[in-house]
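Q:
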Amino acid sequence: MLNLTPESDGVFVGGWTAQKLGETKFSIFFDGVLVKEAKTIVSEGQDASKCRAVGEGLERAIVGERTKFRIDTQ
495 MLNLTPESDG VFVGGWTAQK LGETKFSIFF DGVLVKEAKT IVSEGQDASK CRAVGEGLER
555 AIVGERTKFR IDTQ
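Sequential numbering of the sequence shown, starting at 495, is according to the working numbering.
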């Protein structure tokens, strides 16, 4: 069972965390009525030891101003 959060008029947002690799099937119901069936293939994520973060936003920032940095997962 997924927890859903209302986002706007009639729109709900939810998410899930995969627990294993391979095919995962979903059945979406609203008020007991099937709305959609779907499936997705869960694959391995990126290797954290190969990720790096760079950019000015990691070195300095000003309160109230947007700053940037980049995360490379390759």
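Note that the Cβ used here is the ideal one computed from N, Cα and C, for glycine as well.
State yes or no: is the C-beta of R564 within less than 7 Å of the C-beta of V548?
A: The residue given as residue 564 occupies position 70 in the sequence shown. The residue given as residue 548 occupies position 54 in the sequence shown. Yes.
Q: From the DSSP output, in three-state form, read off L552 for me.
A: Taking the first residue of the sequence shown as 1, we reach residue 552 at position 58. Looking at L552 - three-state DSSP - the assignment turns out to be helix.
Q: Assuming D569 is part of the beta strand (DSSP E), what are its boundary residues?
A: Any answer about residue 569 is impossible in this case: the structure gives the chain only from 495 up to 568.
Q: Can you give me the C-alpha to C-alpha distance between K533 and G526, rounded to a whole angstrom?
A: Locating residue 533 in the sequence shown gives position 39, where the first residue counts as 1. Locating residue 526 in the sequence shown gives position 32, where the first residue counts as 1. Near 20 Å, if we compare the C-alpha coordinates of G526 and K533.
Q: Tell me the residue span of the beta strand (DSSP E) that contains S593.
A: Shown here, the chain extends from 495 to 568; a query on residue 593 therefore has no answer.
Q: Please list, in chain order, all residues of the same chain as V507 whose beta carbon is under 6 Å from its beta carbon, the five residues on each side excluded.
A: Residue mapping note: residue 507 aligns to position 13 of the sequence shown, counting from 1. Hits under 6 Å: T499 and E501.
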